[in-house]
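Participant: Remember, this note's numbering sits 40 above the position in the sequence shown when you count from 1. No residue lacks a Cβ here, since even glycine has one placed at the ideal position from N, Cα and C. Predicted, not measured: the structure shown is a model, and the values here were computed from it. Okay, here's the structure, questions in a sec.
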Amino acid sequence: MPVKENNAPKLSSSYLTQKAAGYMLAAGNAVKSENKSSSSKNKSSNKK
């Protein structure tokens, strides 16, 4: 592989790592909100 291509993965990998971390944080926040909504739904259903 050419040297130019060898330099590219380092930049893209760090960029993808940061992007992946952002996605994981967003996914974690989404799960937390889903858990809150589901727990509130369960409480309301239990009251019924």
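(1) May I have the straight-line CA-CA distance separating Ser54 from Met64, to the nearest angstrom?
(2) What does the alpha-carbon distance come out to for the pair Ser52 and Ala66?
(3) Determine the burial state of Leu56: buried for a count of at least 16 other Cβ atoms within 10 Å of its Cβ, exposed for fewer.
(4) Excluding sequence positions up to five away, which residues of its chain have a Cβ less than 6 Å from the Cβ of Met41?
Facilitator: Taking the geometry as given:
(1) In the sequence shown, residue 54 corresponds to position 14, counting from 1. In the sequence shown, residue 64 corresponds to position 24, counting from 1. Rounded to the nearest angstrom, the two C-alpha atoms are 15 Å apart.
(2) Counting from 1 along the sequence shown, the entry for residue 52 is found at position 12. Counting from 1 along the sequence shown, the entry for residue 66 is found at position 26. So the two alpha carbons sit approximately 21 Å from each other.
(3) Translated into the one-based positions of the sequence shown, residue 56 becomes position 16. Under this definition Leu56 is an exposed residue.
(4) In the sequence shown, counting from the first residue as 1, residue 41 sits at position 1. Interpretation of Met41 is limited by its pLDDT of 49, a score under 50 that renders its predicted location unreliable; the figure taken from the coordinates is listed afterwards. Here the set comprises nothing.
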